[in-house]
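**Student:** Chains as they are written, first to last, in UniProt numbering: chain H, 1 to 269; chain U, 1 to 269.
The beta carbon of each residue, even a glycine, is placed where N, CA and C say it ideally should be.
Model, not experiment: these values are computed from the prediction.
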């Protein structure tokens, strides 16, 4: 990490609780690797204090922006001044830019991070078919990200069928060019891409997010669980000969995406 | 600097303007050298926003405390919940601890830093005679620090004679064991220690803080100006064979003093 001076762009990552946070290491390493004089620091802010904190943060003139983590991602949406289309669609923001006039603009980089992780690992979603398990916050971001990237067909699966239906309807309405269905027994066999968008796999005692009997080696398997790096889903998929993409791959691109959003980094092309 | 995680104690240094701030580098290096998982980060807070900021800072549970710089040192005194005796005496606070209950306690470490800088450089004030030039914020801190440390005689000098008299009266009242006078023509020759407590010397075009004709090599000369490290006062004194103590020497001990005050460091003895 570079020296921190008055010229450094400060990013504050809001969380509650805060003591387990380690993602700041990855982000700081990435900011340094991008050659930026910027640092991200965790700040413990409770839900009760979020509004007061944001009022104060609007006036911190060397703060480029905020990282928003659990449990603030949804609440922050109504407290910022503006949302990007993707954050509005998600109903959740994970990064908030402090504009020069002190206003705050929230965005959501989960979908863009996931898509960039796919790209870096050689998977092009254009015209492909995907099966997404899990339609919570990250699952939503991935569904919209895939559809926007030109996926031909998306099958969604959730233990709560109503939630899966609701997401399918939303994505279908936003991206008519992608056919969106509820997953059925044939979805896995036909998928070019399987994505676990649930938290299953964080604990070694977790069941698999879905039954893998019909998984073949033509399916790339991507994971959102970051810890452990090799979930049971990924190791079972690797044993079947599937290309696998670990959860960290969707995080790695996000510092550059965020730095660009915050105006710290101008990307070529 | 160590990795910044959710377990790191965060210190925020408030300033306006902020872009010139470089003292955070020294403090971060010192915190790391002390083996502490702590980092200080500058935050640009204007005087108008100080009260709102402090209200928010009371609730930042991983923030151990605040560094207070220009122009907030005096204003912060009335906004915190409690002042240490030394901060009350100074009417200025340069570090504010965030207590576990969210209250804020302001202290002032300038005097303690200066005294520790003397000690490290082998100067023991006990029973000695000193001439202090400059009775502004830092000069006040040094006057009280010297008197508290057992100085026998203190002569104070200021272009504004009324201010020098006021400080002499205050210090005399607080520490009757130290004889405090206004400086006269004989003060420099008799001094074991000469302290420049003014900002004269920051610019190369500055005049000397006082006429050095009667300075002899039995007088240790200490400086509060940090940049340049070798002021004209110090180089003239060194040319006369005086022991000299640079301005940075009063800054170096302060991270450890602050870490102890913030409860991050327990010092032996």
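Check whether the region 23 to 42 of chain U touches the region 71 to 81 of chain U, taking contact to mean three or more Cβ pairs, one atom from each stretch, closer than 8 Å.
**Tutor:** In short, these stretches do not touch, since the Cβ pair count stays below three.
**Student:** For residue 114/H versus residue 220/H, is the C-beta distance shorter than 8 Å?
**Tutor:** Position 114 of the first chain, counted from the first residue, corresponds to residue 114/H. Position 220 of the first chain, counted from the first residue, corresponds to residue 220/H. Going by C-beta atoms, residue 114/H is not nearer than 8 Å to residue 220/H.
**Student:** Run down chain U in chain order and give the residues with a C-beta less than 8 Å from the C-beta of residue 10/H.
**Tutor:** For the purposes of this step, residue 10/H is taken as the residue at position 10 of the first chain. Neighbours of residue 10/H on chain U, chain order: 41, 42 and 43.
**Student:** I want to know whether the region 167 to 184 of chain H touches the region 103 to 122 of chain H - three or more CB-CB distances under 8 Å.
**Tutor:** Output reads no: the region 103 to 122 of chain H does not touch the region 167 to 184 of chain H.
**Student:** Can you tell me where the beta strand (DSSP E) holding residue 85/H begins and where it ends?
**Tutor:** Indexing the first chain from 1 puts residue 85/H at position 85. No beta strand (DSSP E) holds residue 85/H; the alpha helix (DSSP H) holding it covers 85 to 90.
**Student:** Taking CB distances under 8 Å as the criterion, tell me whether residue 169/H reaches chain U.
**Tutor:** In the first chain, counting from the first residue as 1, residue 169/H sits at position 169. False, the Cβ-Cβ gap to chain U never drops below 8 Å.
**Student:** Excluding the 5 residues flanking residue 228/U on each side, which residues of the same chain have their C-beta closer than 6 Å to its C-beta?
**Tutor:** Mapped onto the second chain, residue 228/U falls at position 228. Excluding sequence neighbours, residue 228/U sits near nothing in its chain.
**Student:** As a quick exercise: from 143/H, 2/H, 242/H and 50/H, pick the residue whose alpha carbon is nearest that of residue 182/H.
**Tutor:** The residue given as residue 182/H occupies position 182 in the first chain. Checking every option, the nearest Cα to that of residue 182/H belongs to 143/H.
**Student:** Under the assumption that residue 119/U contacts residue 192/U (Cβ atoms under 8 Å), give the Cβ distance between them as a whole number of angstroms.
**Tutor:** Stepping through the second chain from its first residue, residue 119/U is reached at position 119. Stepping through the second chain from its first residue, residue 192/U is reached at position 192. Contact doesn't hold; Cβ gap of about 14 Å is too wide.
**Student:** Out of 50/U, 188/U, 204/U and 104/U, which one is the CA nearest neighbour of residue 59/U?
**Tutor:** Position 59 of the second chain, counted from the start, is the residue given in the question as residue 59/U. Measuring from the Cα of residue 59/U, the nearest candidate turns out to be 104/U.
**Student:** In its own chain, which residues sit with a C-beta less than 7 Å from the C-beta of residue 42/U, not counting the 5 before and 5 after it?
**Tutor:** The count along the second chain starts at 1 and reaches residue 42/U at position 42. Taken in chain order, the residues that qualify are 13, 15, 18, 21 and 24.
**Student:** My output table needs one value for residue 70/U: the three-state DSSP class, helix, strand or coil.
**Tutor:** In the second chain, counting from the first residue as 1, residue 70/U sits at position 70. Of the three classes helix, strand and coil, the one that applies to residue 70/U here is coil, per DSSP.
**Student:** Let me make sure I understand the geometry here. Which of 187/H, 92/H and 232/H has the alpha-carbon closest to that of residue 203/H?
**Tutor:** The residue labelled residue 203/H in the question sits at position 203 within the first chain. The residue with the shortest Cα to Cα distance from residue 203/H is 232/H.
**Student:** Quick test of your reading: residue 259/H and residue 265/H, contact by CB under 8 Å. State the CB separation rounded to the nearest angstrom.
**Tutor:** Residue 259/H sits at position 259 when you count from the first residue of the first chain. Residue 265/H sits at position 265 when you count from the first residue of the first chain. Between residue 265/H and residue 259/H the Cβ distance is about 4 Å, and since that is below 8 Å, they are a contact.
**Student:** Let's test the definition: count the other Cβ atoms within 10 Å of the Cβ of residue 147/H and tell me whether it reaches 16, buried, or not, exposed.
**Tutor:** The residue given as residue 147/H occupies position 147 in the first chain. That one is buried.
**Student:** Are any of the Cβ atoms in chain U nearer than 8 Å to that of residue 6/H?
**Tutor:** Counting from one through the first chain, the residue named residue 6/H turns up at place 6. Yes, its Cβ sits closer than 8 Å to a Cβ of chain U.
**Student:** Can you name, in chain order, every residue of its own chain whose Cβ lies under 8 Å from the Cβ of residue 257/H, other than the five neighbours on each side?
**Tutor:** Position 257 of the first chain, counted from the start, is the residue given in the question as residue 257/H. Answer for residue 257/H: 109, 112, 113 and 116, listed in chain order.
**Student:** Just tell me which of 96/U, 33/U and 214/U has its CA closest to the CA of residue 53/U.
**Tutor:** Position 53 of the second chain holds residue 53/U. Answer by Cα proximity: 96/U.
**Student:** Consider the Cβ of residue 20/H: report whether some Cβ of chain U lies at a distance smaller than 8 Å.
**Tutor:** What you label residue 20/H is simply residue 20 of the first chain in a count that begins at 1. Chain U, which has a Cβ nearer than 8 Å to the Cβ of residue 20/H, makes this yes.
**Student:** If you draw a straight line from the alpha carbon of residue 178/U to that of residue 153/U, how long is it in whole angstroms?
**Tutor:** Taking the first residue of the second chain as position 1, residue 178/U is located at position 178. Taking the first residue of the second chain as position 1, residue 153/U is located at position 153. Roughly 5 Å between the two C-alpha positions.
**Student:** Quick one: does residue 61/U have its CB under 8 Å from some CB of chain H?
**Tutor:** In the second chain, the residue the question calls residue 61/U occupies position 61. Closer than 8 Å to some Cβ of chain H, the Cβ of residue 61/U qualifies, so yes.
**Student:** If distances are taken between C-alpha atoms only, which option among 249/H, 5/H and 49/H comes closest to residue 37/H?
**Tutor:** Taking the first residue of the first chain as 1, we reach residue 37/H at position 37. Comparing Cα positions, the closest option is 5/H.
**Student:** What's the gap between the Cα of residue 262/H and the Cα of residue 102/H?
**Tutor:** Residue mapping note: residue 262/H aligns to position 262 of the first chain, counting from 1. Residue mapping note: residue 102/H aligns to position 102 of the first chain, counting from 1. Using only the alpha carbons, I get a separation of about 13 Å.
**Student:** Are the Cβ atoms of residue 240/U and residue 217/U separated by less than 8 Å?
**Tutor:** Position 240 of the second chain, counted from the first residue, corresponds to residue 240/U. Position 217 of the second chain, counted from the first residue, corresponds to residue 217/U. It is a contact, given that the beta carbons lie within the stated cut-off.
**Student:** Should residue 253/H be labelled buried (16 or more other beta-carbon atoms within 10 Å of its own) or exposed?
**Tutor:** On the first chain, residue 253/H is found 253 positions in, with the first residue counted as 1. Result: buried.
**Student:** Check for me: the alpha helix (DSSP H) holding residue 114/H runs from which residue to which?
**Tutor:** For the purposes of this step, residue 114/H is identified with residue 114 of the first chain, where counting begins at 1. Where residue 114/H is concerned, the enclosing alpha helix (DSSP H) stretches over 110 to 120.
**Student:** Against chain U, with Cβ distances strictly below 8 Å, would residue 248/H count as a contact?
**Tutor:** Mapped onto the first chain, residue 248/H falls at position 248. So, not an interface residue.
**Student:** Given this structure, state the Cα-to-Cα distance separating residue 3/H from residue 66/U, to the nearest angstrom.
**Tutor:** Locating residue 3/H in the first chain gives position 3, counting from the first residue. Locating residue 66/U in the second chain gives position 66, counting from the first residue. The alpha-carbon atoms of residue 3/H and residue 66/U are separated by roughly 19 Å.
**Student:** Anything in chain U within Cβ reach of residue 28/H, meaning under 9 Å, just list it in chain order.
**Tutor:** Along the first chain, read from residue 1 onward, the residue named residue 28/H stands at position 28. By Cβ distance, chain U contributes 3 and 4.
**Student:** With a CB to CB cut of under 7 Å and the five nearest residues on each side skipped, what residues in its chain are close to residue 199/H?
**Tutor:** Here the question's residue 199/H lines up with position 199 in the first chain. 225.
**Student:** Taking buried to mean at least 16 other C-beta atoms within 10 Å of its own C-beta, is residue 235/U buried or exposed?
**Tutor:** Position 235 of the second chain holds residue 235/U. Exposed, since its Cβ has fewer than 16 Cβ neighbours within 10 Å.
**Student:** Work out the CA separation of residue 196/U and residue 184/U for me, nearest whole Å.
**Tutor:** By one-based count along the second chain, residue 184/U stands at place 184. By one-based count along the second chain, residue 196/U stands at place 196. Near 16 Å, if we compare the C-alpha coordinates of residue 196/U and residue 184/U.
**Student:** Would you give the residue range spanned by the beta strand (DSSP E) that residue 42/U belongs to?
**Tutor:** Walking along the second chain from the start, residue 42/U turns up at place 42. Residues 38 to 44.
**Student:** Closer than 9 Å, Cβ to Cβ, to anything on chain U: give me those residues from the region 213 to 236 of chain H, in chain order.
**Tutor:** For the region 213 to 236 of chain H, which is checked against every Cβ of chain U, not one residue is closer than 9 Å.
**Student:** Measuring alpha carbon to alpha carbon, tell me which residue in 126/U, 157/U, 164/U and 134/U is nearest residue 150/U.
**Tutor:** Locating residue 150/U in the second chain gives position 150, where the first residue counts as 1. For the residues 126/U, 157/U, 164/U and 134/U, the minimum Cα distance to residue 150/U belongs to 126/U.
**Student:** Under 8 Å Cβ to Cβ from residue 269/U, same chain only, skipping five residues before and after it: list those, please.
**Tutor:** Indexing the second chain from 1 puts residue 269/U at position 269. Unreliable positioning characterises residue 269/U in this predicted model, as indicated by a pLDDT of 43, which lies under 50. A coordinate reading is not provided.
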